[in-house]
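A.B. asks: Chains as they are written, first to last, in the numbering used here: chain A, 1 to 318; chain B, 1001 to 1373. I'd like to ask some things about the structure below.
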Amino acid sequence: MSTPVANPSNALRAPRPTLRQRWEAGNERPVWMEKPKPAMQLGKAILIVAICFMALYPLFAVLATSLSSQTEIANNNGLVLFPKEPTLAAYQTIFAGGVVTNALVRSLLITLIGTALSLVVTVAMAYGLSRRNLVGGRFFLMTALFTMLFSPGIIPSFLMVKELGLLNSYAALVLPTLMSAFNLVVVRSFFMNLPQELFEAAKIDGAGDFRILVQMVLPLSKGVLAVVGLFYAVSYWNAFFNAMLYLNDDKWPLSMILRQYVLLGQPMGDAGAVAEIAVPSQAIQMAVVVVSLLPIVIVFPFLQRYFTKGVLTGAIKG
Amino acid sequence: MSSSSKTLDPAGSAGPASVLPGSAQAPGAPEKSGKAGNPGEHSKHGKPSKTGKRSGGARNARTAAQRRGSLWSRIRRDKVMLALILPGFAYFVVFHYVPLAGNIIAFLDYKPYLGFVDSVWVGLDNFSAMFKDAAFWVALRNTLVITGLQLVLFFPVPIMLALLLNSIMSKRIRKFVQSVVYLPHFIGWVIIVAVFSEILGATGVVPHVLQSLGLPRFDAMTTPEFFPFLVTIQSVWKDAGWGTIIFLAALMNVDQELYEAAAVDGAGPWHRMWNITMPGIMPVVILLLILNLGSILSVGFEQIVLQRDNVGPGAGEVLDTYVYFHGIQDGQWGPAAAVGLVKGIVGLFLVLGANKLAHFFGQEGVYSSGKSK
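Shown next, in the form of structure tokens:
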């Protein structure tokens, strides 16, 4: 990938590498670009390191505190930069009682089931709407898109869940947020950009719409499904407000336990090892934060490659 | 539906569906009308009405509807697709459109034990009560202060960050930094508030640093005057990196030859940034700015509902939390729903207006993305 400037006529004709190509090719400085001054380089390097530090240090501080003993935290006036004698005592405490363990299992189940349901409904609707000239297609699409413009409001939504008899049921955490119109549009435009000739050929061979979806469209869509699945999973994992609104505390997911222990500093109502500690210690609080963070941090790198490939930029540009 | 009519529509309409008006075609043009009658399988065709018009004039003005076959035959053709759409459609109706009608509660003296039907109709009383309620005006003021501050302090950060990322030459370093700044976007507000109380709270790093510099230490998490800044700082931490995505996409679309030409003419890096990069991404910047203006009544509800009690309603109440605390917590259903309804309607018009404005500036609005396809 060179930029030929020696021969002017050649330079006029040869297509210049776009920025994206340059990015994907890696470390490539265009010929015309001068090497930056060392001072400039240094300033930029410092800035980048500072940004990464600001993004990551808070998470590290939480981890450091969770691994410290209570005496070490107290000796350092609440601030531990790096634990001298790392201990897992806080983690042993939170997993000894049932509260955090149960909430963790609940959160994982809600996230898994919710994400699966959301993906199924989103893919089905997106596939249906990807058919050009579908009867009523425009109406169905507009019905979905308009939900991006308004929200029915907290109170009517609450009353709807109540009228459906979903109060204090796990379904109240999944059904009201089953699908997002944004994700629907992302998946739909991906489906529409697939080569339609393939599906026409399959149709001539006698494959039905559903079979084409399962056997042809889905295998081609792993990347976009991974990204949209990540969006859904993250929102289910992080959701707390619906749980706060609809569920009694014996059904709370981890995010609500976190709020109770850490933000409000209150023990849980029911019996358990943690509840016996009147006010959870700082190390225990931060251990709960780490446990909540862990699934996100684990999953993130695996999905990272999909959105750096430009799935998202393409989707946002529509 | 027989599979033959699905796989090849012309064959289908010549078979059992031949009584339908769509198949009453001029004998001279069976092939062409077969194509137009089946645009779903011919993606190159644009809108059906267009194809109808184009060829309809030549051949005795058959309408687009006739050309496509009757409604019933089209439903039969698309039955699998329609069945797949149904669950999602039902979701939007049940959890978005029906609750929308539930906003009628704003005109009722709603009592949960009476329900919608038996609660007393009070007309606009809830709305006049709203304007008399000092707490409402406080919530409105706080909302505008916070969104205003976010516009000034948050909005430029992703742009600058994108410019910085864009200037990193090494692919590996750039990818790494991108990963790092995207990560906080996926962390929930409960966790973020917990993390921030560890950093900015009474025992956190920042107060320690302030103290060692001889400055007064203060608890940023509970100081009411600082609350709008706190909320903005948290938003920057969470979403500034994620916000770079759209600007990076815009940067990729800037014509690279301009840079080369400018460099050949002796323009330095700063010159190029000001005179090529900035004008190049300005349309996207303006578009996003306008759309941000459209949502000035909405601030992060989850973020603020978690922290409102740390600073008290005087500083921490915004419109959404007002609706939640007054309505669901205190049981003033009607008046709170009135506030929610007014906020929703004004917000809708602001968004629509912003989109119009964006179109006026020649930009494609966000909500046209679906239509244009």
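Glycine residues also receive a C-beta, built at the ideal position from the N, C-alpha and C atoms.
Using the beta-carbon of each residue, which ones in chain A are nearer than 9 Å to I1328 (chain B)?
C.D. replies: As a working note, residue 1328 (chain B) is residue 328 in the second sequence. Within chain A, the residues near I1328 (chain B) are I154, I155, F158, L245.
A.B. asks: What does Q1108 (chain B) pair with, by DSSP beta-bridge criteria?
C.D. replies: Here residue 1108 (chain B) corresponds to residue number 108 of the second sequence, with the count starting at 1. Checking the displayed sequence, the identity of residue 1108 (chain B) turns out to be Leu instead of Gln. Partner(s): B:W1121.
A.B. asks: Count the other C-beta atoms from every protein chain shown that fall within 10 angstroms of the C-beta of Y261 (chain A), then say buried if there are 16 or more, exposed otherwise.
C.D. replies: Working through the first sequence from its first residue, we reach residue 261 (chain A) at position 261. The residue is buried, with at least 16 neighbouring Cβ atoms inside 10 Å.
A.B. asks: By DSSP, does E34 (chain A) sit in helix, in strand, or in coil?
C.D. replies: Residue 34 (chain A) sits at position 34 when you count from the first residue of the first sequence. Note: E34 (chain A) maps to coil in three-state DSSP.
A.B. asks: Using Cβ-Cβ distances below 9 Å, what residues of the region 106-126 of chain A are close to chain B?
C.D. replies: From the region 106-126 of chain A, only V120, V121, T122, V123, A124, M125, A126 have a Cβ closer than 9 Å to chain B.
A.B. asks: Between V228 (chain A) and T143 (chain A), how many whole angstroms is the CB-CB distance? I'm expecting something under 8 Å.
C.D. replies: Numbered from its first residue, the first sequence carries residue 228 (chain A) at position 228. Numbered from its first residue, the first sequence carries residue 143 (chain A) at position 143. Not a contact, Cβ separation roughly 20 Å.
A.B. asks: Give a yes or no on whether 8 Å exceeds the smallest Cβ distance from G1241 (chain B) to chain A.
C.D. replies: Along the second sequence, read from residue 1 onward, the residue named residue 1241 (chain B) stands at position 241. Yes, G1241 (chain B) counts as interfacial toward chain A.
A.B. asks: Please classify Q1025 (chain B) as buried or exposed, where buried requires at least 16 other C-beta atoms within 10 Å of its C-beta.
C.D. replies: In the second sequence, counting from the first residue as 1, residue 1025 (chain B) sits at position 25. Low per-residue confidence applies at Q1025 (chain B): pLDDT is 37, beneath 50, and the placement is therefore not dependable enough to give any value.
A.B. asks: Any contact of the region 1242-1261 of chain B with the region 1214-1223 of chain B, i.e. 3+ C-beta pairs under 8 Å?
C.D. replies: These segments do not touch.
A.B. asks: Are any of the Cβ atoms in chain B nearer than 8 Å to that of F82 (chain A)?
C.D. replies: As a working note, residue 82 (chain A) is residue 82 in the first sequence. It does not; no Cβ of chain B falls within 8 Å.
A.B. asks: Measure the C-alpha to C-alpha separation of K251 (chain A) and T147 (chain A) and round it to an integer number of angstroms.
C.D. replies: In the first sequence, the residue the question calls residue 251 (chain A) occupies position 251. In the first sequence, the residue the question calls residue 147 (chain A) occupies position 147. Distance between the alpha carbons of K251 (chain A) and T147 (chain A) is about 29 Å.
A.B. asks: What are the start and end residues of the alpha helix (DSSP H) that includes D209 (chain A)?
C.D. replies: Taking the first residue of the first sequence as position 1, residue 209 (chain A) is located at position 209. Counting along the chain, the alpha helix (DSSP H) containing D209 (chain A) begins and ends at 209-212.
A.B. asks: Along the region 1072-1104 of chain B, what residues have a CB closer than 7 Å to any CB found in chain A?
C.D. replies: Against chain A - using a Cβ distance shorter than 7 Å - the residues of the region 1072-1104 of chain B are R1074, I1075, D1078, V1080, M1081, L1082, L1084, I1085, P1087, G1088, F1089, Y1091, F1092, F1095, H1096, V1098, P1099, L1100, G1102, N1103.
A.B. asks: Quick check on N1103 (chain B): does DSSP put it in helix, strand or coil?
C.D. replies: In the second sequence, residue 1103 (chain B) corresponds to position 103, counting from 1. Helix, per DSSP.
A.B. asks: Scan the region 210-225 of chain A for residues whose Cβ lies nearer than 7 Å to a Cβ of chain B and list them as they occur along the chain.
C.D. replies: Here the close residues are F210.
A.B. asks: Let me see if you follow: with CB-CB separation under 8 Å, is E1260 (chain B) close to chain A or not?
C.D. replies: Taking the first residue of the second sequence as 1, we reach residue 1260 (chain B) at position 260. At least one chain A Cβ lies under 8 Å of E1260 (chain B).
A.B. asks: What separation, rounded to the nearest whole angstrom, lies between the Cα atoms of Y91 (chain A) and T71 (chain A)?
C.D. replies: In the first sequence, the residue the question calls residue 91 (chain A) occupies position 91. In the first sequence, the residue the question calls residue 71 (chain A) occupies position 71. Their backbone Cα atoms lie some 16 Å apart in a straight line.
A.B. asks: Flag G78 (chain A) as yes if its beta-carbon sits less than 8 Å from any beta-carbon of chain B, otherwise no.
C.D. replies: To locate residue 78 (chain A), count along the first sequence from 1; it is residue 78. Interface residue, yes.
A.B. asks: So the alpha helix (DSSP H) T115 (chain A) belongs to, where does it begin and stop?
C.D. replies: Locating residue 115 (chain A) in the first sequence gives position 115, where the first residue counts as 1. From DSSP, the alpha helix (DSSP H) with T115 (chain A) extends over 98-130.
A.B. asks: Kindly indicate which three-state DSSP category W1189 (chain B) falls into: helix, strand or coil?
C.D. replies: Position 189 of the second sequence holds residue 1189 (chain B). W1189 (chain B) falls in the helix class under three-state DSSP.
A.B. asks: Chain B partners of F150 (chain A), CB-CB under 9 Å?
C.D. replies: Your numbering for residue 150 (chain A) matches position 150 in the first sequence. Within 9 Å Cβ-Cβ: H1096, L1100, G1344, I1345, G1347, L1348, V1351.
A.B. asks: Using CA coordinates, which residue listed in A:K44, A:Q285, A:P156 is at the minimum distance from Q266 (chain A)?
C.D. replies: Position 266 of the first sequence, counting from 1, holds the residue named residue 266 (chain A). It is A:Q285 whose Cα lies nearest to the Cα of Q266 (chain A).
A.B. asks: Report the option in B:S1295, B:R1076, B:V1145 whose CA atom is closest to the CA atom of L1348 (chain B).
C.D. replies: Stepping through the second sequence from its first residue, residue 1348 (chain B) is reached at position 348. Cα-wise, what sits closest to L1348 (chain B) is B:S1295.
A.B. asks: G1148 (chain B) lies in the alpha helix (DSSP H); which residues open and close that run?
C.D. replies: Within the second sequence, numbered from 1, the residue matching residue 1148 (chain B) stands at position 148. 1134-1149 is the extent of the alpha helix (DSSP H) around G1148 (chain B).
A.B. asks: Leaving out the 5 sequence neighbours to the left and right, which residues in its chain are closer than 7 Å to F1360 (chain B) when beta-carbon positions are compared?
C.D. replies: Taking the first residue of the second sequence as position 1, residue 1360 (chain B) is located at position 360. Within the same chain, F1360 (chain B) has no close Cβ partners at all.
A.B. asks: DSSP three-state call for N1310 (chain B): helix, strand or coil?
C.D. replies: The residue given as residue 1310 (chain B) occupies position 310 in the second sequence. Helix.
A.B. asks: Can you find a CB in chain A that lies within less than 8 Å of the CB of S1167 (chain B)?
C.D. replies: In the second sequence, residue 1167 (chain B) corresponds to position 167, counting from 1. Output row for S1167 (chain B): interface = yes.
A.B. asks: Leaving aside the five residues before and after F1227 (chain B) along the sequence, list all residues of the same chain whose C-beta is less than 7 Å from its C-beta, in chain order.
C.D. replies: As a first step, residue 1227 (chain B) must be located in the second sequence, where it is residue number 227. Closer than 7 Å at Cβ, skipping near neighbours: V1311, A1315, G1316.
A.B. asks: Does DSSP put V1318 (chain B) in a helix, in a strand, or in coil?
C.D. replies: Translated into positions along the second sequence, residue 1318 (chain B) becomes position 318. It is coil, neither helix nor strand.
A.B. asks: When we look at the beta-carbon of A1101 (chain B) and count the other beta-carbons within 10 Å, is it buried (16 or more) or exposed?
C.D. replies: Stepping through the second sequence from its first residue, residue 1101 (chain B) is reached at position 101. A1101 (chain B) should be labelled exposed.
A.B. asks: Give the residues of chain A in contact with G1204 (chain B), contact being defined as C-beta atoms less than 9 Å apart.
C.D. replies: Here residue 1204 (chain B) is taken as the residue at index 204 of the second sequence, counted from 1. Within 9 Å Cβ-Cβ: A61, G78, L79.
A.B. asks: Which residues of chain B have a Cβ atom closer than 8 Å to the Cβ of W237 (chain A), listed in chain order?
C.D. replies: Counting from one through the first sequence, the residue named residue 237 (chain A) turns up at place 237. Near W237 (chain A) (Cβ distances below 8 Å), the residues of chain B are G1188.
A.B. asks: Is the shortest distance between the beta-carbon of E1317 (chain B) and the beta-carbons of chain A less than 8 Å?
C.D. replies: Here residue 1317 (chain B) is taken as the residue at index 317 of the second sequence, counted from 1. Closer than 8 Å: no.
A.B. asks: Classify M1081 (chain B): buried if its beta carbon has 16 or more other beta carbons within 10 angstroms, exposed otherwise.
C.D. replies: For the purposes of this step, residue 1081 (chain B) is identified with residue 81 of the second sequence, where counting begins at 1. Under this definition M1081 (chain B) is a buried residue.
A.B. asks: What would DSSP say about N242 (chain A), mapped onto helix, strand or coil?
C.D. replies: Position 242 of the first sequence, counted from the start, is the residue given in the question as residue 242 (chain A). Helix, per DSSP.
A.B. asks: Distance cutoff 8 Å, beta carbons only. Does S1049 (chain B) sit that close to anything in chain A?
C.D. replies: Along the second sequence, read from residue 1 onward, the residue named residue 1049 (chain B) stands at position 49. Any reading at S1049 (chain B) needs caution, since the residue's pLDDT is 43, under 50, leaving its predicted position unreliable; the model's value is listed next. Not closer than 8 Å to any Cβ of chain A, the Cβ of S1049 (chain B) fails to qualify, so no.
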